[in-house]
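**Q**
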Amino acid sequence: MTRSIEDRLRDAFSTGAELVRPESLGTVTDTVAVRPRRRFRGLPVLAAAAVVVVLAVVALVAKVVVPAPAPPPVLVPSDGNEALRRLAAQVARLPDDRGAYWRRSLEDNQLVRVQAGGRAFNAVVSHGAELWLPRDAEDPVQTRSEEPSLRPATPADERAWRAAGSPAEVQRVCTPGTKAADCVKLPMGAESRECQYTYGVAPDRGPAAHPFGPYTPAEIWALPTDDKGLRAWLRARWESGRGEPGTARTLEEALAGSDLLLRTPLSPAARAAVLRLLADLPTTSVRGPAKDPLGRSGLAVDFDRGRASFREFGEDDEVAEEHTTILDPSTGEILAEVTKAGESAAGLAKGGIMSSEVWTPVTGWTDDRPKRPGNCRRL
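Just so you know, we're using full-length UniProt numbering here: the sequence shown kicks off at 1 and counts up by one.
1) If I'm right that residue 84 touches residue 278 with Cβ under 8 Å, what's the distance once you round it to whole angstroms?
2) Which word fits residue 114, buried or exposed, when buried means at least 16 other C-beta atoms lie within 10 angstroms of its C-beta?
3) Whole angstroms is fine: what's the gap from residue 301's alpha carbon to residue 165's?
4) Does the structure place the region 278-293 close enough to the region 245-265 that three or more beta carbon pairs sit under 8 Å?
5) Is the region 151-161 touching the region 233-244, taking contact as three or more C-beta pairs under 8 Å?
6) Tell me which residues share the same chain as residue 369 and place their Cβ nearer than 7 Å to its Cβ, disregarding the 5 neighbours each side in the sequence.
7) Report the residue from 180, 154, 111 whose alpha carbon sits nearest the alpha carbon of residue 148.
8) With C-beta atoms as the reference, is residue 334 less than 8 Å away from residue 266?
9) Do the CB positions of residue 378 and residue 215 come within less than 8 Å of each other?
10) In angstroms, rounded to a whole number, what distance separates the CA positions of residue 263 and residue 225?
11) According to DSSP, which residues form a beta bridge with residue 364?
12) Does DSSP classify residue 80 as helix, strand or coil?
13) Which residue comes first and which comes last in the alpha helix (DSSP H) that contains residue 240?
14) Under a Cβ-count criterion, where at least 16 other Cβ atoms within 10 Å of its own Cβ denotes burial, should residue 367 be classed as buried or exposed?
15) Excluding the 5 residues preceding and the 5 following residue 140 in the sequence, name in chain order all residues of the same chain whose CB lies nearer than 6 Å to its CB.
16) Which first and last residues belong to the alpha helix (DSSP H) in which residue 160 is found?
17) Ordered along the chain, which non-local residues of its own chain (more than five positions away) have a Cβ less than 8 Å from that of residue 167?
18) Mapping the DSSP letters down to three states, classify residue 258 as helix, strand or coil.
19) Tell me, to the nearest whole angstrom, how far the beta carbon of residue 91 is from that of residue 336; I am working on the premise that it is less than 8 Å.
20) Bridge partners of residue 357, per DSSP?
21) What first and last residue would you give for the beta strand (DSSP E) that runs through residue 123?
22) Exposed or buried, what is residue 122 when buried is set at 16 or more other beta-carbons lying within 10 Å of its beta-carbon?
23) Return the CA-CA distance between residue 174 and residue 152, expressed in angstroms with no decimal places.
24) Inspect the beta-carbon positions of residue 106 and residue 299 and report whether they are closer than 8 Å.
25) Just the Cα atoms here: how many angstroms apart are residue 127 and residue 292?
26) Within the same chain, show all residues whose beta-carbon is closer than 7 Å to that of residue 66, passing over the 5 residues directly before and after it, in chain order.
27) Using the C-alpha atoms, what's the distance from residue 340 back to residue 288?
28) For residue 380, which residues in the same chain have their Cβ closer than 7 Å to its Cβ, ignoring the five residues on either side in sequence?
29) Roughly how many whole angstroms lie between the Cα atoms of residue 348 and residue 316?
30) Taking all protein chains shown into account, do 16 or more other C-beta atoms lie within 10 angstroms of the C-beta of residue 68, making it buried, or fewer, making it exposed?
31) Determine the closest residue to residue 82 out of 375, 142, 275, with distance taken between C-alpha atoms.
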C-alpha cells in the first residue's frame, strides 16, 4: 500500500542526518542521466515559524501520485515469499512478554534539493519523536516531538554549502511553475533542536489521540491470531467503512494495507498471522537480507509490489520511488522503512535513499514508565 509521506511523518522521527548513509546519497559531484520530465498517517504544533516552513516543504516535495489502478490482483500465494512464512512460523513461537508500556521511538530523514551561492546540493530534513503507550488505559500517555532540522546530506554537500559561505538559510530547489510562496528559504545547520511533549490519561486530541492511525489500541489488543479470523476482521472493517474517505476501494486493497498493523504493538501470535496473510498476497515481494540505516541485519520486504508511486525532487516533478520495509529476522517487528529513487534525477542517483524511517533499539515493551522531559515544552 502506497502511503503519503505526510501520513508517515505523523509517527516518524529522527535524531540527525547521520542516519542517512553518505554513500547511499547522490552528491553534488555525481553525474547522472536525467530523463525528460513527465507530467503526471498531523504533527504536533511546533514553536518556531521556520520549523513550520521546513515541515511544509517536506510535505510539498514528498507528493506521492499513484497512476490509474490496475485490475484487482488475484489473491494467490507467491512462492518467492517463503522466507516471510518461515519468519511468521518463528514469530508464532515467541512468548507474549508485554510490560506496562509500549515505547515507540522513531527517526525520520527526508532528502531535499537546495541551493545557495549559485550552487545546488542536497540536504536532509531530520525529525524525531517518541510515544509511550500504557497497557492500562488508566495510565497516562506521553508523546515527545523534536523540531525538524536541516543539514547537508553528505560531506560533498557540506563542502558546497561552505563554499557558498555557510549561509544560515538556503533556497529550496523547486519544480518549474511552483508558487513563490511555496518555494521558500529554509534554515540550515541548527546545532540543537527544541522539543514539545504531551502527557495525560486517555487523550482525545493531539498526537496521542490516534497513535495507530485508523486502529484503536483496543482493536490492536484484541486482534485475531488465526488466519481465518484475521481475514474476517479485515473484511468487516472494510465493509463497515466502504465508501468513506480513506477506505480502500476493494477488499484486495484492504488486505494489502494490513502491513500497517506491523507498526503497532501486536502480540507475537497476531504478528505471525499478519505476516502469513501478507506473504500470500501478490503485492508482497521478499527482497532478501538487508541492512537498515543503523546497520542492523534484517529481512527486506516490498509490500507495494506492482504499485507505482512518485514524488517531486528538485526541479523534477516526478521521480519514481521504491519502498522497502526491513523486518527484524527474529521478531518480525519493523526495523526501518526506506524509500529509494527508482530512477536518476539531477542530484540523485538511482537507488539513492530519498527518505528513511528508523525504529530505534529502545522501541518495544518495557516496565519502565515515561519521565517527563525537562528540556521540552508541554503542549
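Glycine included, each C-beta is placed from N, C-alpha and C at the ideal position.
**A** In short, the structure shows the following:
1) The sequence position of residue 84 within the sequence shown is 84, counting from 1. The sequence position of residue 278 within the sequence shown is 278, counting from 1. With 8 Å as the limit, residue 84 and residue 278 qualify as a contact, their Cβ atoms being about 7 Å apart.
2) Along the sequence shown, one-based indexing puts residue 114 at 114. Answer is buried; the Cβ neighbour count reaches 16.
3) Along the sequence shown, one-based indexing puts residue 301 at 301. Along the sequence shown, one-based indexing puts residue 165 at 165. Straight-line Cα distance between these residues: approximately 43 Å.
4) yes
5) no
6) Within the sequence shown, numbered from 1, the residue matching residue 369 stands at position 369. Here the set comprises 100, 101.
7) In the sequence shown, the residue the question calls residue 148 occupies position 148. Per the Cα distances, 111.
8) Counting from 1 along the sequence shown, the entry for residue 334 is found at position 334. Counting from 1 along the sequence shown, the entry for residue 266 is found at position 266. Cβ distance not < 8 Å, so residue 334 and residue 266 don't count as in contact.
9) Residue numbering aside, residue 378 sits at position 378 when the sequence shown is read from its first letter. Residue numbering aside, residue 215 sits at position 215 when the sequence shown is read from its first letter. Result no, Cβ atoms of residue 378 and residue 215 do not sit closer than 8 Å.
10) For the purposes of this step, residue 263 is identified with residue 263 of the sequence shown, where counting begins at 1. For the purposes of this step, residue 225 is identified with residue 225 of the sequence shown, where counting begins at 1. Going from the Cα of residue 263 to the Cα of residue 225 covers about 16 Å.
11) Within the sequence shown, the letter at position 364 stands for residue 364. Answer by DSSP bridge pairing, in chain order: 103.
12) Residue mapping note: residue 80 aligns to position 80 of the sequence shown, counting from 1. Residue 80: helix per DSSP, three-state reduction.
13) To locate residue 240, count along the sequence shown from 1; it is residue 240. First-last of the alpha helix (DSSP H) with residue 240: 227-241.
14) Position 367 of the sequence shown, counted from the first residue, corresponds to residue 367. Residue 367 should be labelled exposed.
15) In the sequence shown, counting from the first residue as 1, residue 140 sits at position 140. Counting only Cβ-Cβ distances below 6 Å, and skipping sequence neighbours, we find 199, 200, 201.
16) Taking the sequence shown and counting its residues from 1, the one referred to as residue 160 is at position 160. Note, residue 160: alpha helix (DSSP H), 155-163.
17) Within the sequence shown, residue 167 is the residue found at index 167, counting from 1. Closer than 8 Å at the Cβ level, and outside the excluded window around residue 167, lie 116, 117, 161, 188.
18) Counted from its first residue, the sequence shown places residue 258 at position 258. Reduced to three states, the DSSP call for residue 258 is helix.
19) Taking the sequence shown and counting its residues from 1, one reaches residue 91 at position 91. Taking the sequence shown and counting its residues from 1, one reaches residue 336 at position 336. Not really, about 18 Å apart at Cβ, beyond 8 Å.
20) On the sequence shown, position 357 is the one that residue 357 refers to. Residue 357 is bridged to 108, 337.
21) Numbered from its first residue, the sequence shown carries residue 123 at position 123. 119-134 is the extent of the beta strand (DSSP E) around residue 123.
22) In the sequence shown, counting from the first residue as 1, residue 122 sits at position 122. It is buried - the Cβ of residue 122 has at least 16 other Cβ atoms within 10 Å.
23) Within the sequence shown, numbered from 1, the residue matching residue 174 stands at position 174. Within the sequence shown, numbered from 1, the residue matching residue 152 stands at position 152. So the two alpha carbons sit approximately 17 Å from each other.
24) Counting from one through the sequence shown, the residue named residue 106 turns up at place 106. Counting from one through the sequence shown, the residue named residue 299 turns up at place 299. No, the pair does not count as a contact, with Cβ atoms beyond the cut-off.
25) As a position in the sequence shown, residue 127 is number 127, starting the count at 1. As a position in the sequence shown, residue 292 is number 292, starting the count at 1. Spanning the two alpha carbons is a distance of roughly 18 Å.
26) Position 66 of the sequence shown, counting from 1, holds the residue named residue 66. In this prediction, residue 66 has a pLDDT of 43, which is less than 50 and means its spatial position is unreliable; what the coordinates show is noted afterwards. The residues are 2, 307, 308, 309.
27) On the sequence shown, residue 288 is found 288 positions in, with the first residue counted as 1. On the sequence shown, residue 340 is found 340 positions in, with the first residue counted as 1. Going from the Cα of residue 288 to the Cα of residue 340 covers about 16 Å.
28) As shown, the chain starts at 1 and ends at 379. That puts residue 380 outside it, with no answer to give.
29) Indexing the sequence shown from 1 puts residue 348 at position 348. Indexing the sequence shown from 1 puts residue 316 at position 316. Distance between the alpha carbons of residue 348 and residue 316: 10 Å.
30) On the sequence shown, residue 68 is found 68 positions in, with the first residue counted as 1. Summary for residue 68: the model assigns pLDDT 39, below 50, so the residue's position carries little reliability; its value from the coordinates is reported in the next sentence. Result: exposed.
31) As a working mapping, residue 82 is identified with position 82 in the sequence shown. Out of 375, 142, 275, 275 has the C-alpha closest to the C-alpha of residue 82.
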